[in-house]
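Participant:
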Amino acid sequence: MSKLTLLQQGSPSREQIREQIRQTIVDAQKAAQEAATESRGQGGDVIVMPQIPPRPPGTPGVIVRPWDPASGIPPQVESISIAFFVMVAAIIIGLPIMRAIGRRIERGAPPPQTIPAEVRDQLQQITHSVEAIAIEVERISEGQRFQSKMLADRSKDMTMLPQGRGAEP
């Protein structure tokens, strides 16, 4: 069927489209066979391969380069393996430490130790002794202040008296 007949009929049906596709395929195969027989007649072997339609522009694609066995290990694999072994070492070292910290937190603070009665009595006695010593030291210092004040007043009185005369009774 030609395009002209399809356009004259309006919108083509499925059957008409199928028939048109079949006819196009048959025409392409005949053209390929004719080209092959012509090239054989000229003495050359021809391999006929179907054409791969080009990829439409704007569609994403992946380019896969062939693997080169001489390149060795890629650097990404090396960094990933180093990171893996460092993580394993951190887990091996950190796990017991974290367990110990968790157990200590779970147990809570240890209860305060009670002081034995004998030690408590001795501490009370030492406290009373220190207070008594502090009172005695204060009394001694008060006496020294009084004596130094008396001596200062006496020396002041001596300087005020005229010389040659003693104290009159």
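Each residue of the sequence shown is one higher than the one before, counting from 76 in the numbering used here. Cβ atoms here follow ideal geometry from the backbone N, Cα and C, with glycine treated the same way.
(1) In angstroms with no decimal places, state the Cα-to-Cα distance between Asp232 and Lys224.
(2) Got a sec, what are the start and stop residues for the alpha helix (DSSP H) Gly116 sits in?
(3) Which stretch, first to last residue, makes up the alpha helix (DSSP H) that contains Arg182?
Facilitator: On the basis of the supplied data:
(1) 12 Å
(2) Arg89 to Gly116
(3) Pro150 to Arg182
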